[in-house]
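Right, one structure below, let's go through it.
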Amino acid sequence: MDTRKNASFSFEQERKKIRRSFTIMVKTGGPICNLDCDYCYYLEKEALYPGKHPTLPFFKMPDNVLEKLIREYILSQPQEQIEFVWHGGEPALLGVEYFRKILDIQKKQADGKKILNAFQTNGTLIDEEWANFLAENHFLCGLSIDGPKKYHDNHRRYPNGKGSWDKAMECVKLFQKYGVEFNTMSVVNASNSKQPALVYNFLKSIGSRFMQFTPIVERIALDETEPLSIVDNRYSKATAVMNENVNATDWGNFLCRIFDIWVKKDVGTHFINYFDNTLAAYAGQQPSLCSMAEYCGCSLAIEHNGDTYCCDHFVFPEYNVGNIMTTPISEMAKSDKQLFFEQHKKDTLARQCQACEYLAACGGDCPKNRFVKNEDGEYISYLCEGFKMFFRHTRKHFEFMADELRHYRAPANIMNQKG
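Structure (structure tokens):
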């Protein structure tokens, strides 16, 4: 028996009694989307609901579920500022009036707290009405865009095969016209990973100051009878990596090349998820990016019917922690199943990772990516060598910036350094 694991989970069982903050990612339209991106891990989740026609009317979150979700989430949060994340699929499919209703419910339930809304979109459905609504109501929008047209349209296509870049760029112009606050989410894949400078400079050119880069790492079950073809890291049968996956070397090179540009002229003006979190680690803070943190974050994914899962990347039956119509959301957030899921990231860390000099910054990566068996027979991240490449390349720079922070100086001072 592994007493270390039992001891740590006992601690988590005690912690669950404390009122805890958590986040939610709400799938008001389930997995339904107007695009058919070839690397998407979520489109096939419609298979979790057999018998439902895969169109929006059948996957639209009903009013009673929506009202209970909003009320309970606000009541469950100890802080005065509460953020809702509206995700998909494509949430814009539900229309502006649906989100006006969401705002009305939030206002009735706010109880003096400040409500913030984040909205993740592919941009293709954003028109003047949408842009005006998002701006007037101060939504923070995440726009999915993978770089210049060639690289975006390689993967982000409509079901008829047509690329979506032109419509995404129309969205950018509308966001700029109406003053919608937005950041960008770019999936780093087998093609755009080979053009890091091009991707970065493009994102800067469209006005993105906050960039989230997400490496695509997915495995496909070779058993065609599986209900879901994309599987999690615990799946033990034969698999193949998705063709669109970025490999470890290209991932490391992608981060390094963008860092080389950023560190010379963009520190303090442009913010990149992996750079910000690496700096936090060097400054002695826990990274907020869950893949780099010691434990998985408590960020529940809530499907259209109220089904709740441990994480957006683990929407599989075995990770279902309940349904908001039968179990209070705060109880699911501190359930043994959820706490075990969060702790499992640390408890299953390979000895190789535990001894690694970059552990504090890396955190062992997202558990879903840990399917490569090392010499000890333990599982490490598919991207391990890429992360090591990045941390080696940037170490002295992050050490300098962390030291600046400790002395109450700006990390941007690194741009004044020679060499």
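For the sequence shown, the numbering used here gives the first residue as 10, with consecutive numbering after it. All residues carry an ideal CB built from backbone N, CA and C; glycine is no exception.
Each residue's CA atom was taken as its position, placing Asn332 and Gln347 some 13 Å apart. Taken in chain order, the complete alpha helix (DSSP H) segments of 4 or more residues contained in the region 61-114 are 65-68, 72-85.
For Arg401, there is no enclosing beta strand (DSSP E); the enclosing alpha helix (DSSP H) covers residues 393-415.
Take the alpha-carbon of Tyr291 and the one of Asp321: they are about 28 Å apart. DSSP places Gln185 in the helix class (H, G or I) of the three-state scheme.
When Cβ pairs closer than 8 Å are counted between the two stretches, the region 277-291 is seen to touch the region 411-428, the count reaching three or more. Inter-residue distance for Gly372 and Phe350 is about 15 Å (C-alpha atoms, whole angstroms). With a cut-off of 8 Å on Cβ pairs, the region 214-228 is not in contact with the region 165-174, counting fewer than three such pairs. For Lys159, the uninterrupted alpha helix (DSSP H) run begins and ends at 158-162, by DSSP.
According to DSSP, residue pairing for Cys150 in a beta bridge involves Phe128, Phe191. DSSP places Ser173 in no alpha helix (DSSP H); its state is neither H nor E. Considering only Val105, Cys49, Trp95, Asp72, the residue with the shortest C-alpha distance to Pro224 is Cys49. When the Cα atoms are used, Ala127 and Ile33 turn out to be separated by approximately 11 Å.
Along the length of the region 268-302, whole beta strand (DSSP E) runs at least 3 residues long do not occur. Cβ neighbours of Val197 within its own chain (closer than 7 Å, five residues either side excluded): Phe222, Thr223, Pro224, Ile225, Val255, Trp260, Phe263. In the three-state reduction of the DSSP assignment, Gln204 falls in the coil class, being assigned neither a helical nor a strand state.
In the three-state DSSP reduction, Met178 falls in the helix class (H, G or I).
As summarised for the region 212-271, the continuous beta strand (DSSP E) elements at least 3 residues long and confined to that stretch are 219-224, 228-230, 248-250, given in chain order. Scanning its chain for C-beta atoms nearer than 7 Å, with the 5 sequence neighbours on each side dropped, one finds around Glu312 the residues Lys36, Gly39, in chain order.
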